[in-house]
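Counting in the UniProt record's numbering, the final residue of the sequence shown is number 131, and the numbers go up one at a time with none missing.
Only one structure is covered here, and it is reproduced in the block below.
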Amino acid sequence: MALKPIRTGIIPMRSLLSGTFLLCGTLLLSGCPRTSAWPDSGAGTPPANQPAPYGQCDKVGSYDIRFDRFDETAQQIAHATGCGIITDNSTAAVRPHPVVGTMTIRQAVQMAITGTRLRITHQDAESITVE
Numbered sequence: 001m002a003l004k005p006i007r008t009g010i011i012p013m014r015s016l017l018s019g020t021f022l023l024c025g026t027l028l029l030s031g032c033p034r035t036s037a038w039p040d041s042g043a044g045t046p047p048a049n050q051p052a053p054y055g056q057c058d059k060v061g062s063y064d065i066r067f068d069r070f071d072e073t074a075q076q077i078a079h080a081t082g083c084g085i086i087t088d089n090s091t092a093a094v095r096p097h098p099v100v101g102t103m104t105i106r107q108a109v110q111m112a113i114t115g116t117r118l119r120i121t122h123q124d125a126e127s128i129t130v131e
């Protein structure tokens with residue numbers, strides 16, 4: 001029985017390629033900093049004094065809205081956000097405050113109606129009702 005000689009120094013291409021990808025992936029990921037979505041917390045959870053966002057109406061946006069009618073303001077705030085602002089025609093004549101700055105949709109609606117006869121009568125994750 002004859003023994004076959006072993007060829008030293010030759011690594012199969014499949015093994016070499018997968019090892020290269022594994023090494024490159026490890027090196028790339030090791031350079032990524034471990035960060036949290038909540039800058040002041042250590043465990044990736046919201047700080048105790050800050051509520052966790054839970055719906056479309058809790059998305060943060062930048063606003064510069066200056067309309068003379070509440071219905072126009074509400075439409076602009078709700079536009080393309082997925083948060084429904086429910087109201088009726090009686091609110092159209094109310095002159096809202098300008099909504100300027102970076103805030104959640106809830107905060108934007110509250111800013112618009114502060115000091116008016118309008119009130120938020122109901123709110124959930126996906127809608128805000130103003131009467």
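Beta carbons are placed, not taken as given, at the ideal position from N, Cα and C, and that holds for glycine.
Given the structure is predicted, the values throughout are model-derived calculations rather than measurements.
- Given a length threshold of 3 residues, each whole run of the beta strand (DSSP E) inside the stretch 50-90 is given here in chain order: 60-65, 84-86.
- In the three-state DSSP reduction, V130 falls in the strand class (E or B).
- Annotation for V100: the continuous beta strand (DSSP E) segment containing it runs 99-104.
- Excluding its 5 nearest sequence neighbours in each direction, T129 has C-beta neighbours in its own chain below 6 angstroms: I86, T121, H122, listed in chain order.
- Counting along the chain, the unbroken beta strand (DSSP E) around T121 starts and ends at 120-123.
- A Cβ-Cβ contact shorter than 7 angstroms links F70 with V94.
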